[in-house]
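Structure first, then comments.
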Amino acid sequence: MPLEKLRKLALSATILAPIVAGGLVPSGAYAAQQPNPGPSVLRVAVHAGLDTLDPIASTAYIDRTHGYLVYDTLFAMNNNFQPEPQMVDHWTVSPDQKTWTFVLRDGLKWSDGTNVTAADCVASLVRWGKRDGMGQLLFADISSLTAPDDKTIVMRLKAPDDMVLASLAKLSSNVPFMMPARIADTSAFKNITDPTGSGPYMMVLKDWVPGKKAVYVKNPYYKPRSDPSSLAAGAKIAAADKIELIHYADPEAAAKALISGYVQYDESPPMSVVPMLEADPNLIVEPTAPPGSVGMLRFNAAIPPFNNPAIRRAVLEAINQTTYMEAAFGNDPRWWRTCYSIFPCGTTYATDAGNWIMKLSNPAAARYALEKAGYNGTPVVVLDPVDIPVLADFTNVTVNLLTNLGMKVTVERMSWEEMLQRRANRSAVNGWNVFDTWWIADDIATPQAIAYSGDPKTGWAGWPNDPKLEADRTAFLDATSLAAQQAKAAQVQEDVLNDATVGILGQFFEPIAFNKNLTGLTTPVQFFWGLRP
148 MPLEKLRKLA LSATILAPIV AGGLVPSGAY AAQQPNPGPS VLRVAVHAGL DTLDPIASTA
208 YIDRTHGYLV YDTLFAMNNN FQPEPQMVDH WTVSPDQKTW TFVLRDGLKW SDGTNVTAAD
268 CVASLVRWGK RDGMGQLLFA DISSLTAPDD KTIVMRLKAP DDMVLASLAK LSSNVPFMMP
328 ARIADTSAFK NITDPTGSGP YMMVLKDWVP GKKAVYVKNP YYKPRSDPSS LAAGAKIAAA
388 DKIELIHYAD PEAAAKALIS GYVQYDESPP MSVVPMLEAD PNLIVEPTAP PGSVGMLRFN
448 AAIPPFNNPA IRRAVLEAIN QTTYMEAAFG NDPRWWRTCY SIFPCGTTYA TDAGNWIMKL
508 SNPAAARYAL EKAGYNGTPV VVLDPVDIPV LADFTNVTVN LLTNLGMKVT VERMSWEEML
568 QRRANRSAVN GWNVFDTWWI ADDIATPQAI AYSGDPKTGW AGWPNDPKLE ADRTAFLDAT
628 SLAAQQAKAA QVQEDVLNDA TVGILGQFFE PIAFNKNLTG LTTPVQFFWG LRP
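See below:
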């Protein structure tokens, strides 16, 4: 492996190393096993319905799930969170470390039978780099990205960047999935409608019921690697002949479908049905492994009243993580913990820097701060995705919090997919002011995460304008040791909390439930290609 001892590449593995030590890819129920022979259908009760087909234009995890079934990547993270080649056969780096040359594996084809080309991959990377936070930082260092022939990709950098492979192997939203150039040439701000990919499965478009059901069958043109499967890396062997992702509007209906055996995996059962599932001896109900996920409140910094950082900070002074976590997960310590860091507790960059505001939880102080900030009764529109129970519970707490602070609150209830579309609206007309969401820990474990962007042009929905934050995120990449990186990450946390662009609601390990005979489970991202009932 060229440049095996690259400084920052080695450091990138330490970001999640504490998680691995804590059981992120544990043995037992999560251990990958060899699938049994024979035809099979895997049905999964997913947390949200698949309404769009674009894992680049959306950070929604259901789009990432879809993406991992139908697409492949140039590199991928293994169980040790080290990048390994996936679609790439071999690569070289120039002595000055500014020219990277990647050569694709032989025999790669798209699911329509056409050959994968380097030009396809260049177009895919360019599109990804316009939406993903890590991709944006990578492309800021790229002077040219070309395909001199059908199998060769040449990336020329302005300066050495040791995070190239880690960026190309990004595990979660947004994943740099490869697509045919005819699709990847679509604007990064417009959803694609063609799911042609080179992954282990292909989508059956005629059977797709948007928001309710998505169906996949094995891709006959997929060429797996010969390496053993290791998290997102290695051979992706399609275990089930057919996969159906089903969204149940009623969580109890999803639980009953799992109990009956119609579905084999429920990826996000709410606490209301957990006792029912735990009572069935044929099922296993477990928390997701540490560090799990992090709840987050997001302000719209582009329009009043939260275009005023002082008003955002006043709200942060009132947040009580325990209230949020108990609302969604009860008081059972299996499912959650408080965490006063924007970087998930238990990961490398978790820090106490500037976190006094996260610990305050003082409504009286918050009301005083809100008055001093000049809040004048401007209505606050809260988006409420009622079909995601955890988020609906979080939203109820947020509505009560804002109302008790004396803010004029309007709640707009909608589906998760409707919220994704609505939150993209930057205009004050039919706009929004705040929503609750969550990220898996991997997605917000470093300052590179899009959730911490301070660039209103390229950042995540909410669009804060914070040049200092952007400068400190860039400085993080220039750090020359782990200690220096941790110091820069601490500065980024102080920036984020000072500008109050997000509120951290707590760290949780939501339940998953599955048939005890199911094999091939993984975490923190479940790759359904390896599951077999």
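To convert a position in the sequence shown, counted from 1, into the numbering used here, add 147.
Where a beta carbon is used, it is the ideal one built from N, C-alpha and C, also for glycine.
Below 6 Å CB to CB, which residues in the same chain sit around Glu425 once its five sequence neighbours on both sides are set aside?
Val432
Where does Val213 land, buried or exposed, given buried means 16+ other C-beta within 10 angstroms?
Checking the sequence shown, residue 213 turns out to be His, not Val. Buried, because 16 or more other Cβ atoms sit within 10 Å of the Cβ of His213.
Three-way DSSP call (helix, strand, coil) for Ile587 in this model
strand
Do three or more CB pairs link the segment 252-266 to the segment 390-405 at distances below 8 Å?
In short, these stretches do not touch, since the Cβ pair count stays below three.
Simplified DSSP state of Gly169, which is helix, strand or coil:
For Gly169, the pLDDT reaches just 35, beneath the cut-off of 50, and the residue's location in the model is therefore unreliable, leaving the point undetermined.
With distance defined between alpha-carbon atoms, name the residue in Ala461, Ala588, Ala436 and Thr293 nearest to Thr648.
Ala461
Test item: CB-CB of Thr498 and Ser508 under 8 Å
no
Does the segment 202-220 touch the segment 435-451, meaning 3 or more C-beta pairs lie closer than 8 Å?
no
I think Gly358 touches Trp483, with their Cβ atoms under 8 Å apart; what is that distance to the nearest whole Å?
Going by Cβ atoms, the distance from Gly358 to Trp483 rounds to 28 Å, so no, they are not a contact pair.
Just to check my reading of the structure: Asp583 and Leu616 have Cβ atoms closer than 8 Å, yes? What is that Cβ distance to the nearest angstrom?
Under the criterion of beta carbons closer than 8 Å, Asp583 and Leu616 do not qualify as touching, at roughly 22 Å.
Shortest alpha-carbon distance to Asn467 belongs to which of Thr299, Pro434 and Pro510?
The residue with the shortest Cα to Cα distance from Asn467 is Pro510.
With a threshold of 16 other CB atoms inside 10 Å of the CB of Arg481, please say whether the residue is buried or exposed.
exposed
What is the C-beta distance between Trp585 and Met443, in whole angstroms, given that I count them as a contact (C-beta under 8 Å)?
That pair is a contact at about 6 Å.
For the candidate residues Ser376, Met350, Asp374 and Ala294, whose alpha-carbon lies nearest to that of Lys365?
Met350
Length of the line joining the Cα atoms of Asp646 and Trp503:
14 Å
Alpha carbon to alpha carbon, how far is Ile597 from Gly280?
Taking the CA atoms as reference points, Ile597 sits about 4 Å from Gly280.
Suppose contacts are defined by Cβ-Cβ distances below 8 Å. Is Ser377 in contact with Asn226 by that definition?
Between Ser377 and Asn226, the C-beta gap is smaller than 8 Å, which places the two residues in contact.
Tyr218 (DSSP reduced to helix, strand or coil)
Tyr218: coil per DSSP, three-state reduction.
Residue range of the unbroken beta strand (DSSP E) whose run includes Met505:
Unbroken run through Met505 is the alpha helix (DSSP H), Trp503 to Leu507; no beta strand (DSSP E).
Would you identify the three-state DSSP class for Asn321, choosing helix, strand or coil?
coil
Between Leu285 and the rest of its own chain, which residues show a CB-CB distance below 6 Å, the 5 nearest in sequence each way excluded?
Ser314
What's the C-alpha gap between Leu517 and Tyr363?
51 Å
Span of the alpha helix (DSSP H) holding Glu425?
Val421 to Glu425
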